[in-house]
């Protein structure tokens, strides 16, 4: 899968659930519910125990039917191990130039985190394919994305933090290529059926 393929997929589906869990078993439980609910993109964070095994297993099972990324990647060494495991995109909470550089060298989509206009431009000029605007809710959510996109329409942004079922359409209308969604979708306290239903609702909202 090429970098262009991955970017097209993200722009088409626009919904990136961020899976954080205290155990490999819990992460797998949530992932299966999300997939059953129609989610085609999964981001598993490095904070999940056994996350490399999860990525490898998902890659073997679903192949190119599921777009799998690694989140909370803080350095180039971690990026490389995640890519080797099967991650097709790399996401970070902040900007690390070495991590962006290695992902560019390997031809893998990278989305470092940034918040202010200066940070966003710095990440973009360093070679980010997408800039993860995080924590977006701290500066106004959709209205902040709209303000950022006005002078920077060429920068692909993925707001993360504070994305809910209710404001998801507003984030997309404001110009986000995709959104990263945490506990408002990936709620570990929910049972399987409820998670599936919530995933379906988010998929529907992302298509408005």
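Residue numbers (my numbering): 828 to 1035. Glycine included, each C-beta is placed from N, C-alpha and C at the ideal position.
| Query | Result |
| --- | --- |
| Cβ-based neighbour list, residue 955, same chain, cut-off 7 Å, excluding 5 preceding and 5 following | 927, 937, 938, 939 |
| Beta strand (DSSP E) runs contained entirely in the region 880-950, provided each spans 3 or more residues | 894-898, 916-918, 936-938 |
| Cβ-based burial, residue 891 [other Cβ within 10 Å; buried from 16] | exposed |
| Check whether residue 951 and residue 958 have beta carbons under 9 Å apart | yes |
| Cβ distance (whole Å) where residue 1020 is taken to contact residue 969 below 8 Å | Actually they do not touch by this definition, with Cβ atoms about 30 Å apart. |
| Strand pairing of residue 958, partner residues [DSSP] | 984 |
| Cβ neighbour criterion (16 or more within 10 Å) applied to residue 934 | exposed |
| Whole-number beta carbon distance between residue 846 and residue 872, since they are thought to touch under 8 Å | 7 Å |
| Sheet register partners of residue 1006 (DSSP bridge) | 842 |
| Helix, strand or coil at residue 873 according to DSSP, with G and I counted as helix | coil |
| Buried versus exposed, by CB contacts within 10 Å (16 or more), residue 967 | exposed |
| 8 Å contact criterion, which residue 1032 and residue 865 should meet: CB distance rounded | Contact doesn't hold; Cβ gap of about 12 Å is too wide. |
| Helix, strand or coil at residue 975 [DSSP, three-state] | helix |
| Residues bridged to residue 866 [DSSP beta-bridge criterion] | Its beta-bridge partners do not exist; DSSP assigns none. |
| Residue interval of the alpha helix (DSSP H) (run including residue 1033) | 1019-1033 |
| Supposed contact pair residue 901 and residue 915 - C-beta distance, whole angstroms, cut 8 Å | With a Cβ gap of about 19 Å, residue 915 and residue 901 do not count as contacting. |
| Minimum C-alpha distance to residue 905 - residue among 879, 1012, 1018, 850 | 879 |
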